[in-house]
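Peer 1: Can you read through this structure? Questions will come right after.
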Amino acid sequence: QVRCSVQPENTQPEASVTRGRFVIIPPENPIVGFLGKDVILPCQLTTSSIPESTSMQVQWILDKSSEKIDVKSYYGRNRPETQDNRYRGRAELSRTDLSKGNMSLILKKTHLSDQGNYTCIVFLGDWYDEVVVELVLAGEFILITKGTEPTIALVGYKGWGISLTCSSNGWYPKPKAFWLVSEGKVRSKQSDTTITETKAGNFTVSSSIITDSGVDHEVSCKIINELLEMESESRILISERKKERKKERKKSITQVCAFVLSPFFFFAANVVLDPKTAHPRLNVSDGKCFWDTGNISKVPNCEERFDSHTFVLAKECFSKGRHYWEVEVGEKRKWDLGVASEFAHRKGEITLSPQNGYWVIGLEGRKNYWARTEQWTYLKVSGKPTKIGIFLNMPAGSLCFYDVHNNRKLYTFSICCSGKLYPFFSTGSVAAELDSQPLKISPWLKEDDTVEEDGKKANISEMAQD
């Protein structure tokens, strides 16, 4: 277990400290990291401003069964820090963020032995608080993997019901499968589930049920990796056929349903750009489109605005749940997309990386795609994606990027963040040759939207009921 603590300088904390005044915000889930990669263990106070005169002590202690390890101890500006030799050069605090109540630990190049429970203890003057942060590590050496998105298939009618199957592969360790009803509750009726270990050592899931055919209802299939608290879910809408449709309508319905039943449809987020965050060179239109004008506009220099890079954030922020949005990049020569932490700096020089609160991929020079990791990761991309899908899965701690038109995954980040995340957009680095082509947030088809059918417009929900 790792303990993080803050304690007044030249004070014996045991003598008079009490809890109160402030608290540390506990993370909702274990922090998931990957072997050999950097990870941030959150320890954020409810206050975002600590007076400079306040005495402070911060400790991170790893509590193993056989010993307590001093991962990092900070005793104020005028006293030397202490640290176990095993963590020298690997465990650091962000000095600039301490005064903002951010006592998070930056753990670099993680080892398997780093896995466990960490305690963060903070002393400020006569008050203190502490929180336990669990770190779970995954990687090729322990083979913990999340499988594919479940695929739901309609087998056909069986008796008075409809037979459905759900399949997914590539899981480790052995997962669990559940069928859910419309209210999100686990289905009480029996299902037939088979989980098979492959020669590669991972697991394939196949589950089937017979559901009612006489009423409209939604059915979900969920696969869960309990160790990492990862899950994948797909849904399908079962609609009663009240009368025979024409062949043309069947084709339209099939096309619409194929879209609606995309696993991401149910997680579609209405992402709107926030002009208050946009760099003065950017022009934001209708909250869905922006471009680099090449000129600095006269806009208020508010706290939220980026002042050195052509970045802009969305108004919406996410701290839980699953959210999906798409961005049309077209033939643009450069761009960056992803999410940004609420704690990420917006002023001055900014390096895009998870360590700085940015989980981003981008295009440079028309053809070079990169994941903005600490050391940039080159992405092998076939063709030139013109629309990028972004899926933020907070329960699974992941951020996935997709080439929408070619249905290919481009890259997945592990998100280790306890705060809020904002959708992030950029026209890329400023170059001598202006690239004024816009980036557009794509609209999503909704139940009250319409499609063309035989020269007439038909409502999706009405079509599903016919």
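Heads up: the sequence shown begins at 1 in the UniProt record's numbering, then just goes up one per residue.
Quick reminder that beta carbons are idealized off the backbone N, C-alpha and C, glycines included.
#1: Which whole runs of the beta strand (DSSP E) in the segment 160-190 are 3 residues long or more, in chain order?
#2: Is it true that the CB of Pro175 sits closer than 7 Å to the CB of Ile236?
#3: Kindly indicate the opening and closing residues of the beta strand (DSSP E) around Asp336.
#4: Report the residue ranges of all beta strand (DSSP E) runs contained in full by the segment 68-101; include only those spanning at least 3 residues, in chain order.
#5: For Pro275, which of helix, strand or coil comes out of DSSP?
#6: Since Phe306 contacts Leu137 with CB under 8 Å, what's their CB separation in whole angstroms?
#7: Quick check on DSSP: helix, strand or coil for residue 476?
#8: If you compare alpha carbons, which of Gln115, Thr119, Lys109 and Gly89 is closest to Met103?
#9: Using C-beta distances below 8 Å, list every residue in its chain close to residue 475, excluding the 5 sequence neighbours before and after it, in chain order.
#10: Using the Cα positions of Thr194 and Val155, report the straight-line distance between them to the nearest angstrom.
#11: Please classify Pro300: does DSSP put it in a helix, a strand, or coil?
#12: If we ignore side chains and look at the alpha-carbon of each, how far apart do Tyr358 and Ser168 end up?
#13: Confirm, please, whether the CB-CB distance from Pro423 to Val271 is below 7 Å.
#14: For Cys302, is the classification buried or exposed, using 16 other Cβ atoms within 10 angstroms of its Cβ as the cut-off for buried?
#15: List the whole-angstrom C-beta distance separating Leu124 from Ile24, where the pair is believed to meet the contact cut-off of C-beta under 8 Å.
#16: Does the pairing of the segment 324-337 with the segment 374-391 give three or more beta-carbon distances under 8 Å?
#17: Where does Ser319 fall in DSSP's three states?
#18: With a floor of 3 residues, list each beta strand (DSSP E) that falls wholly inside the segment 357-413, ordered by position along the chain.
#19: Using alpha carbons as the reference points, say which of Gly116, Tyr74 and Trp376 lies closest to Ser65.
#20: Between Ala32 and Val122, is the Cβ-Cβ spacing less than 7 Å?
#21: Thinking C-alpha only, which one of Ala344, Asp38 and Pro443 is nearest Tyr87?
#22: Do the CB positions of Leu313 and Thr277 come within less than 7 Å of each other?
#23: For Gly101, which residues in the same chain have their Cβ closer than 8 Å to its Cβ, ignoring the five residues on either side in sequence?
#24: Quick one: residues in its chain with C-beta nearer than 6 Å to the C-beta of Val260, no 5 flanking neighbours on either side, listed in chain order?
#25: What residues in its chain sit with their C-beta under 8 Å from that of Thr151, if we drop five residues either side in the sequence?
#26: Could you name the residues of the same chain whose beta carbon sits closer than 7 Å to that of Cys257, not counting the 5 residues immediately before and after it, in chain order?
#27: Exposed or buried, what is residue 485 when buried is set at 16 or more other beta-carbons lying within 10 Å of its beta-carbon?
#28: CB-CB under 6 Å to Arg333, same chain, minus the five flanking residues each way: which ones, in chain order?
#29: Which residues share a DSSP beta bridge with Ile152?
#30: Can you list, in chain order, the residues of its chain whose CB lies under 7 Å from that of Gln355, leaving out five sequence neighbours each side?
#31: Taking its Cβ as the centre, do 16 or more other Cβ atoms sit within 10 Å of Asp114, making it buried, or is it exposed?
#32: Drop a sphere of 10 angstroms on the beta-carbon of Asp286, count the other beta-carbons inside from all chains shown, and report buried for 16 or more, exposed for fewer.
#33: Do you know how far the Cα of Glu92 is from the Cα of Ser232?
#34: Could you check how far apart the C-beta atoms of Thr310 and Ser426 are, in whole angstroms? I think they sit under 8 Å.
#35: With distances taken between CB atoms, is the gap from Ser319 to Lys420 smaller than 7 Å?
#36: Quick check on DSSP: helix, strand or coil for Gly33?
Peer 2: Considering the structure as presented:
#1: List check, beta strand (DSSP E) in window: 161-171 and 176-180.
#2: Start at 1 with the first residue of the sequence shown, and residue 236 comes out as number 236. Start at 1 with the first residue of the sequence shown, and residue 175 comes out as number 175. Cβ atoms of Ile236 and Pro175: not closer than 7 Å.
#3: Counted from its first residue, the sequence shown places residue 336 at position 336. From DSSP, the beta strand (DSSP E) with Asp336 extends over Trp335 to Ser341.
#4: Runs found: 68-74 and 91-93.
#5: Numbered from its first residue, the sequence shown carries residue 275 at position 275. Of the three classes helix, strand and coil, the one that applies to Pro275 here is helix, per DSSP.
#6: Mapped onto the sequence shown, residue 306 falls at position 306. Mapped onto the sequence shown, residue 137 falls at position 137. Contact doesn't hold; Cβ gap of about 34 Å is too wide.
#7: Any answer about residue 476 is impossible in this case: the structure gives the chain only from 1 up to 466.
#8: To locate residue 103, count along the sequence shown from 1; it is residue 103. Among Gln115, Thr119, Lys109 and Gly89, the Cα nearest to that of Met103 is on Thr119.
#9: Outside the shown range of the chain, which is 1 to 466, sits residue 475, and nothing can be said about it.
#10: The residue given as residue 194 occupies position 194 in the sequence shown. The residue given as residue 155 occupies position 155 in the sequence shown. CA-to-CA, the gap between Thr194 and Val155 works out to about 17 Å.
#11: Mapped onto the sequence shown, residue 300 falls at position 300. It is coil, neither helix nor strand.
#12: Residue 358 sits at position 358 when you count from the first residue of the sequence shown. Residue 168 sits at position 168 when you count from the first residue of the sequence shown. Roughly 31 Å separates the two Cα atoms.
#13: Locating residue 271 in the sequence shown gives position 271, where the first residue counts as 1. Locating residue 423 in the sequence shown gives position 423, where the first residue counts as 1. A contact, by the Cβ cut-off of 7 Å.
#14: By 1-based counting over the sequence shown, the position of residue 302 is 302. It is exposed - the Cβ of Cys302 has fewer than 16 other Cβ atoms within 10 Å.
#15: Reading the sequence shown from its first residue, position 124 is the one you call residue 124. Reading the sequence shown from its first residue, position 24 is the one you call residue 24. Contact annotation, Leu124 with Ile24: C-beta distance approximately 11 Å; criterion of less than 8 Å not satisfied.
#16: They touch, by the three-pair rule.
#17: Your numbering for residue 319 matches position 319 in the sequence shown. In the structure shown, the three-state DSSP call for Ser319 is coil.
#18: Runs of the beta strand (DSSP E) inside the segment 357-413: 358-364, 368-371, 377-379, 387-393 and 398-403.
#19: Residue numbering aside, residue 65 sits at position 65 when the sequence shown is read from its first letter. Comparing Cα positions, the closest option is Gly116.
#20: Position 32 of the sequence shown holds residue 32. Position 122 of the sequence shown holds residue 122. Position check: residue 32 holds Val in this sequence, whereas Ala was assumed. Cβ distance not < 7 Å, so Val32 and Val122 don't count as in contact.
#21: In the sequence shown, counting from the first residue as 1, residue 87 sits at position 87. Checking every option, the nearest Cα to that of Tyr87 belongs to Asp38.
#22: Taking the first residue of the sequence shown as 1, we reach residue 313 at position 313. Taking the first residue of the sequence shown as 1, we reach residue 277 at position 277. Yes; because the gap between Cβ atoms is below 7 Å, this pair is in contact.
#23: For the purposes of this step, residue 101 is identified with residue 101 of the sequence shown, where counting begins at 1. The beta carbon of Gly101 sits closer than 8 Å to the beta carbons of Phe22, Gln44, Leu45, Thr46, Thr47, Ser48, Ser49 and Ile50 from its chain, once the five residues preceding and following it are set aside; these are given in chain order.
#24: Counting from 1 along the sequence shown, the entry for residue 260 is found at position 260. The predicted position of Val260 is uncertain, since its pLDDT is 37 and thus under 50; a value taken from the coordinates is nonetheless stated next. So no residue of the chain qualifies.
#25: Along the sequence shown, one-based indexing puts residue 151 at 151. If we look at Thr151 and ignore the five residues flanking it on each side, its Cβ neighbours are Cys166, Ser167, Ser168 and Ser234.
#26: Translated into positions along the sequence shown, residue 257 becomes position 257. The predicted position of Cys257 is uncertain, since its pLDDT is 38 and thus under 50; a value taken from the coordinates is nonetheless stated next. Excluding five sequence positions before and after Cys257, none of the CB atoms of its chain fall closer than 7 Å to its own CB.
#27: The displayed coordinates of the chain run from 1 to 466. Any statement about residue 485 would go beyond what the structure contains.
#28: Residue numbering aside, residue 333 sits at position 333 when the sequence shown is read from its first letter. If we look at Arg333 and ignore the five residues flanking it on each side, its Cβ neighbours are Arg366 and Asp435.
#29: For the purposes of this step, residue 152 is taken as the residue at position 152 of the sequence shown. DSSP output for Ile152 lists Cys166 as bridge partner(s).
#30: Reading the sequence shown from its first residue, position 355 is the one you call residue 355. Only Asp38, Ile106 and Glu374 meet the Cβ criterion.
#31: Reading the sequence shown from its first residue, position 114 is the one you call residue 114. Burial check for Asp114: the Cβ neighbour count within 10 Å reaches 16 or more, so the residue is buried.
#32: Working through the sequence shown from its first residue, we reach residue 286 at position 286. Around the beta carbon of Asp286, a 10 Å sphere encloses fewer than 16 other beta carbons of the protein chains shown; the residue is thus reported as exposed.
#33: Walking along the sequence shown from the start, residue 232 turns up at place 232. Walking along the sequence shown from the start, residue 92 turns up at place 92. The alpha-carbon separation between Ser232 and Glu92 amounts to approximately 34 Å.
#34: On the sequence shown, residue 310 is found 310 positions in, with the first residue counted as 1. On the sequence shown, residue 426 is found 426 positions in, with the first residue counted as 1. Their Cβ separation, rounded to whole angstroms, is 6 Å, which keeps Thr310 and Ser426 in contact under 8 Å.
#35: The sequence position of residue 319 within the sequence shown is 319, counting from 1. The sequence position of residue 420 within the sequence shown is 420, counting from 1. For Ser319 and Lys420, yes; Cβs fall inside 7 Å.
#36: As a working note, residue 33 is residue 33 in the sequence shown. Three-state result, Gly33: strand.
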